[in-house]
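A quick write-up on the structure given underneath.
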Amino acid sequence: MSYLSFKPGKKHLKASANNRVKEHSSGSVKKAFSQWIIENYGENYTKELSNQRSKNDGKRFKSTFLDSSEKSEIPTVGIIGGGFAGLYSGLILQSLGIECEVFEASGRVGGRIDTWYSEEYDEKDVNKAGLYGEVGGMRIPQFSEDMLPVQHLALSVNSVLKRNKLDDKIIKWRKFYYNSDVQRLRYNNMKSPIEAHDASLDSLNFGIDKGGDLPMVWVTEAKASDGTPYLPINMVLDKVNERFITVINESFSKGFALLMAYDNYSMWAYLTNVFTLGELGEYYNPEMGKESDHLSYNIASYLETLNVGTGMYSVSFVEMVIAVYDWEGSKNSYAPEDPNVYMVTVDNGMQHFPDACRAVLDLEDGVLHEDGIRAQQLIGMIKGADGKKGYSPDNLTKAAEAPATVPKADAIPPVAGTPSKSKQRVFMNHRVTQVDYDESLFNGYGGMNVSLSVTNDSDEREVEIIEKKYPYVISTLPNGAYLSGELKTNFFDNLSFSKARAIRECNYMPSFKAFITFDEQFWATLGNRQNKGLGVAVSDRSNRQIVYPSYGYEAKSGVLQIYCWAQDAERMGALTDEERVNECLKGIAYLYPEVNVYDLYSGYKPEITTKTWFWDNHANGGAFALFAPGQFKNLYPTLLTPEFKGHLNFAGECCSVHHGWIVGALDSAYNAVNNILKQAGETDKIKQLEKTWGALSAPDVVPSLKKDAALV
Ligand SMILES: Cc1cc2nc3c(=O)[nH]c(=O)nc-3n(C[C@H](O)[C@H](O)[C@H](O)COP(=O)(O)OP(=O)(O)OC[C@H]3O[C@@H](n4cnc5c(N)ncnc54)[C@H](O)[C@@H]3O)c2cc1C
């Protein structure tokens, strides 16, 4: 999940050897985690896949199952949803020569990747080129092995765009400025805000001496054995994680077994019922209580307030520990001593990325396996011609280029080729309303009936109802969207007990964003903000975070993003649009008391100077999946399991261990395509899939999962 993990205590103290995520495991831990859950809790998943793949007495689906009239008209796979899971499924299938159609309900691809552009935005005018903001996903850890498939996709798509002279659609990464020493903090009516470089030894008015409720022992400066000063309260989270990270670094299976013993706990429950003061080790002070005591309410409250947002510690403890690995992926994996955070975002807005994917899908020929191999080499997913891994993709702006410690990649040359004919595979304003299994389809092989409502782009009125049939369907919707609101018909009928329950119960996290334009970028002067970026300012007001723009430095005016989750988001979301903006303005003024924020505000003009967002209606409640206690063990394998003898496959960010990340959508799509290939007995295509797109984290691709490997 892409949340803020601000720890004011980290600056002075070096992470101990134990609580540092090891370089070798930081990238691949989630791959291993997914595999481990399936091996240990996925008995039904593997049994079900085995049944599905042995159906029809070993007969496999081949194009010969279609009679000649069906063959010309019916693609093999129907894909529901034009977010990253749907687009990636389509691009993989296109590269394997398997026909597919993608149906997107709205007039835009990208789903939860969605850039808001002010009506005054103008990419070519320096004063207007920064008038946008990211409603959905906005940043990618640059060197995380787990996250590299996102950059791989961009490079692969770029190769096709270049061959087709579609240079204006090329995806370029620019630097995303995640944090800085001058980002501001203000909590509990502090007299004035402070900056991050001064925060590590500040109690932020949480101590009882300043009207808070933390006993002074937690917020009184202490000294580590090497003389480095620290506040004990800021050492707690590292110590909570250390127990697990130490063992995971030694052995994935031992570490995950230890972690999953606490799968039934929320983060809050773990802190207040399991973690003991004695586990603080060198940071323990008897004035805190007995070594066997657990953390009190006020300690958990401080940690939640600083780390995420109100109510967010009610999610699974396992989610919170495992998220540490995603954030460690923002470090330079080639030089572990480098303290900087490396993140990227798409130049001129994330929306360009799904738009580019759609442009490629609507060509007859897509990504070639040479494109995929070159892309893997350029970013260090595989070794280059020199036998070493390196990183030097050709789609970075200057500021996003890797530091000198990162070796250059030695990749094969690009394939020249010729432009392709066009072929429509993505259908906009096509809302799927019902999906039904029919075992008589395709000469008794079985398949899915899909009902679609085609709407008018301008007023979203239904203009046509279409019925389609596919041997296989991949459905990529966020679980809330299966509650379709249709009269009389359900989206799915006759799902298995466990799938219906998983869809119903999979927990989603609410999120709120707002974009507010100011006539002047009062947060930093021109020159000061260039080549540096400012990161994120934080407070205890409901709007919680101000994300400073990572673009538009040269302009006079600029857009601030407000971002929060959980109960903070629900409360902001309950207000009217203008009230939300008012709350955000007060939150900004709280962090900038020396500025007349209201004077510099460009005024309430929705879609021109302001935009607020809460619970995108395509996600239908919640922004991204974040499991509740027990859901890794009990729901995760089921979410991945295909239904109806393998004809209906599921993908989307919720069907991955990377909740709330684009890469989760990609991993889940890879897994769904892989399931179909296995079901259809397409062994050569599975090899081609791995060669072109890399061996991703699909749990049943990993060879060590012996039970399932035997099914190929
Ligand atoms: C606020 C927020 C911040 C985030 N930050 C980051 C970040 O910084 N970095 C990162 O990597 N990730 C981030 N993410 C996560 C990332 O955006 C998602 O994980 C990813 O985009 C999900 O893709 P998806 O394909 O699974 O789902 P979606 O993008 O939701 O795609 C589903 C698609 O299905 C369509 N649809 C819905 N109903 C129907 C229907 N009946 N018929 C046809 N189509 C339908 C929708 O319109 C949508 O286009 C963030 C997400 C949010 C919400």
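According to my numbering, the residues represented by the sequence shown are 340 to 1051, in order.
The C-beta atom is built at its ideal place from N, Cα and C for all residues, glycine as well.
Only a predicted model underlies this, so the values are computations on that prediction, with no experimental measurement involved.
Under the criterion of beta carbons closer than 8 Å, Leu702 and Asn503 qualify as touching, at roughly 6 Å.
Leu816 has its Cβ nearer than 7 Å to a heavy atom of ligand 1.
The beta carbon of Leu826 lies closer than 7 Å to none in the same chain, with the five residues before and after it left out. Spanning the alpha carbons of Tyr384 and Val812 requires a straight line of approximately 18 Å. Closest by C-alpha distance to Asn795, out of Lys728, Ala444, Glu378, Ile437, is Ala444. At least 8 Å separates the beta-carbon of Leu717 from that of Ala698. CA-to-CA, the gap between Tyr929 and Val936 works out to about 10 Å. In the three-state DSSP reduction, Phe423 falls in the helix class (H, G or I). Straight across, the Cα-Cα distance linking Ser389 with Glu382 is about 11 Å. Relative to Val441, the option among Ala908, Lys762, Leu822 whose CA is nearest is Lys762.
Secondary structure in the segment 835–886: the beta strand (DSSP E) runs of 3 residues or longer, each lying completely within the stretch, are 850–857, 875–878, 884–886 in chain order. At the C-beta level, Gln970 and Ser640 stay beyond 8 Å of one another.
Its Cα nearest to that of Thr744, the residue Asp677 stands out among Tyr784, Arg764, Asp677.
Contact between the segment 867–874 and the segment 882–892 is established, with three or more Cβ pairs separated by less than 8 Å.
In this structure, the straight-line span from the alpha carbon of Arg883 to that of Ser653 is close to 18 Å. Shortest gap from the CB of Val1012 to any heavy atom of ligand 1: 7 Å or more. In this structure, Ser823 keeps its C-beta atom at 8 Å or more from the C-beta atom of Ala908. With a contact defined as Cβ atoms closer than 8 Å, Ser669 and Tyr471 miss out at about 23 Å. In this structure, Glu918 has its CB at a distance of at least 7 Å from all heavy atoms of ligand 1.
In the structure shown, Glu982 adopts extended strand secondary structure according to DSSP, grouped into three states.
The Cβ atoms of Ala741 and Lys514 do not sit closer than 8 Å to each other. Within the same chain, Cβ atoms closer than 8 Å to the Cβ of Thr736 are found at Lys511, Trp512, Arg513, Lys514, Asp686, the five residues on either side in sequence being excluded. Secondary structure of Pro976 (DSSP, three-state): helix. Closest in C-alpha terms to Val489, from the list Leu610, Leu1005, Val771, Glu1029, comes Leu1005. In this structure, Tyr623 places its C-beta atom within 8 Å of the C-beta atom of Glu630. Beta-carbon to beta-carbon, Phe692 and Ala853 are separated by about 23 Å, too far to satisfy the 8 Å threshold. In the DSSP assignment, Met911 falls outside any beta strand (DSSP E) and lies within the alpha helix (DSSP H) extending over 905–912. A straight-line Cα-Cα distance of about 4 Å links Gly422 and Gly450. Beta-bridge partners assigned by DSSP to Thr454: Glu473. Closer than 7 Å to some heavy atom of ligand 1: that describes the Cβ of Arg770.
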